[in-house]
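The sequence shown lines up with residues -28 to -1, 1 to 345 when you count with mature numbering (1 follows the signal peptide of the UniProt record, and there is no 0).
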Amino acid sequence: MAISSVQASISVVCQLLLWLPFIQCTNSKAPTTNTRSIETLAATSDIHLAALKNDVQQLELLISQGKDVNARLRSTDTPLLLATSRGNVASVETLLRLAKSSIDVNIQDKHGTSALHVAVMRREEKIVKLLLSAFAEVNIKDKDDKTPLHHAIYTSEIVERSFRGNQHTIVHLLLLHGANPNMRDVQGSTPLLYAASAGSVGDTLILLKFGSDVNLRNFRGLTALHMAAAYGHRIVIEILLDHKADPRPMDAYGRTAASMAIEEQHSEIGRILLEEQRRMESIEAQLEEEEEDGPVKLTYNGKESRILDDVNRFFQSFFRYTPSLSSFLFRSHRIYNLRISRKTWTTDQRVLVLSLFVIPVLPLLWIAFLRAS
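Quick look at the structure:
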């Protein structure tokens, strides 16, 4: 009998030691409403323990008895968060299946971390799939405003360095389930900036495929091109340039992507970016020159129409009116807005503006002429 009593005591001590990190001690002199008593912990810790140990049979029993599947420990962990943190696929599946009407799949711990965040950081593809199937919020943010996609890109770098894992698959899964590739973290960085700084070719391509803004800046003015240039990731830079990345923007310190590359002694990358920068500046100057000498740009009913020179010639040869003048003569009641993009006025523009003043006076002149005759 004594041996049985000792064994029971040892069992109780072992259970208390196991739960020591999660127990919130009480203070009889200064009780608070947030303090969880030992009795309350005893009423809820069994389901946490079952999830932690991946004891599916015990978990099923406790759920059938109506145990609170959203109960928190002192650490603010729930059974779902604990099971996910241990990679216990069977426990996660059991919780989501048997308690789907009551479980909060988006519940967050004190750091704002959800089960989906945890599964992504642990690279648990099966659990990620289970959570997404249970409609976990794919764009949920933690306290640093990071979404699961941010964490997926970040851990992807670790996976690539260790030459194992499936993080590209997880990134793709999140995007397929509606992850926004342009969400910003607390520093204003998007997942693409993470991928560019890590030199992750696969993630960069996937993000761009799903609509990531290649020229979006963080709160320090850095673009994905800045990040890739600073770390010397040439392949990523070439991909970004192929997707219309602009090398000209400056960060908060006045640095372009090229100057950052040169500063970090990536001279070849700096040369590539400088050439692209000059090419874009040349094209822009050429377009501005064509804009000055090219056709007029008008807006009718808020819709912009570009009047081509050959159309002008066609109208002039057959009707003696250009589109600008004829649109006023025959559809003047529909013209609400006129915008001329040229810096210099053409004959067509002068005729049009003159018509604005002359034509309203013509009926009055005609009436005056009839009366005089």
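Glycine residues also receive a C-beta, built at the ideal position from the N, C-alpha and C atoms. Quantities reported herein were computed from a predicted structural model and do not represent experimental measurements.
Exposure of residue i, with buried meaning 16 or more beta-carbon neighbours within 10 Å
i: R95; result: buried
i: A344; result: exposed
i: E253; result: exposed
i: S36; result: exposed
i: A217; result: buried
i: residue 349; result: The structure shown has nothing for residue 349, since the chain only spans -28 to 345.
i: K115; result: exposed
i: L337; result: exposed
i: I339; result: exposed
i: L334; result: exposed
i: S86; result: buried
i: H83; result: exposed
i: V248; result: In the sequence on display, residue 248 carries Glu and not Val. The residue in question, E248, is buried, as its Cβ has 16 or more Cβ neighbours within 10 Å.
i: I207; result: exposed
i: L342; result: exposed
i: L259; result: exposed
Per-residue DSSP class, three states only, for residue i
i: Q80; result: strand
i: S161; result: coil
i: residue 365; result: With the chain covering only -28 through 345, there is no way to say anything about residue 365.
i: R126; result: Rather than Arg, the amino acid found at residue 126 in this sequence is Tyr. In this structure, Y126 counts as helix in the three-state DSSP scheme.
i: E109; result: coil
i: D117; result: coil
i: Q237; result: coil
i: V333; result: helix
i: F182; result: coil
i: D214; result: helix
i: A151; result: coil
i: Y225; result: coil
i: residue 358; result: The chain is shown only over -28 to 345; residue 358 falls outside these bounds and no answer can be derived.
i: L103; result: helix
i: P219; result: coil
i: V41; result: coil
i: D27; result: coil
i: S17; result: helix
i: A340; result: helix
i: T48; result: coil
i: R250; result: helix
i: K72; result: coil
i: R94; result: coil
C-beta contact flag for residue i and residue j at 8 angstroms
i: H140; j: I99; result: no
i: V173; j: I211; result: yes
i: L146; j: L180; result: no
i: S63; j: N26; result: yes
i: P153; j: G183; result: yes
i: H238; j: G193; result: no
i: V92; j: L53; result: no
i: R156; j: D117; result: yes
i: I255; j: I209; result: no
i: L197; j: P219; result: yes
i: T48; j: D81; result: yes
i: I125; j: D175; result: yes
i: L246; j: A230; result: yes
Separation of residue j from residue i, as counted between CA atoms
i: M232; j: K101; result: 40 angstroms
i: L165; j: N78; result: 26 angstroms
i: T66; j: V28; result: 7 angstroms
i: R227; j: P332; result: 56 angstroms
i: N190; j: Q159; result: 6 angstroms
i: E97; j: A257; result: 50 angstroms
i: E235; j: A200; result: 13 angstroms
i: L33; j: R69; result: 13 angstroms
i: N187; j: V330; result: 49 angstroms
i: T119; j: A22; result: 29 angstroms
i: S161; j: G171; result: 15 angstroms
i: Y225; j: H215; result: 25 angstroms
i: E276; j: L104; result: Note on E276: pLDDT 44, under 50, position unreliable in the model; the coordinate value appears next. Roughly 44 angstroms between the two C-alpha positions.
i: T127; j: D18; result: 32 angstroms
i: A202; j: K113; result: 27 angstroms
i: L24; j: H123; result: 23 angstroms
i: A15; j: F107; result: Interpretation of A15 is limited by its pLDDT of 41, a score under 50 that renders its predicted location unreliable; no figure is taken from the coordinates.
i: N60; j: P51; result: 11 angstroms
i: L148; j: D185; result: 17 angstroms
i: S169; j: H144; result: 19 angstroms
i: E109; j: L88; result: 8 angstroms
i: T195; j: R46; result: 41 angstroms
i: R251; j: A167; result: 26 angstroms
i: Q30; j: D223; result: 56 angstroms
The ligand SAM heavy atom lying under 7 angstroms from the CB of residue i
i: R189; result: Summarising the ligand content, the structure contains no ligands, and the ligand SAM is consequently not present.
Any chain B beta carbon closer than 8 angstroms to residue i
i: L102; result: Judged by its chain identifiers, the structure shown contains no chain B, having just a single protein chain.
*Does the stretch 34 to 46 touch the stretch 66 to 75, meaning 3 or more C-beta pairs lie closer than 8 angstroms?*
yes
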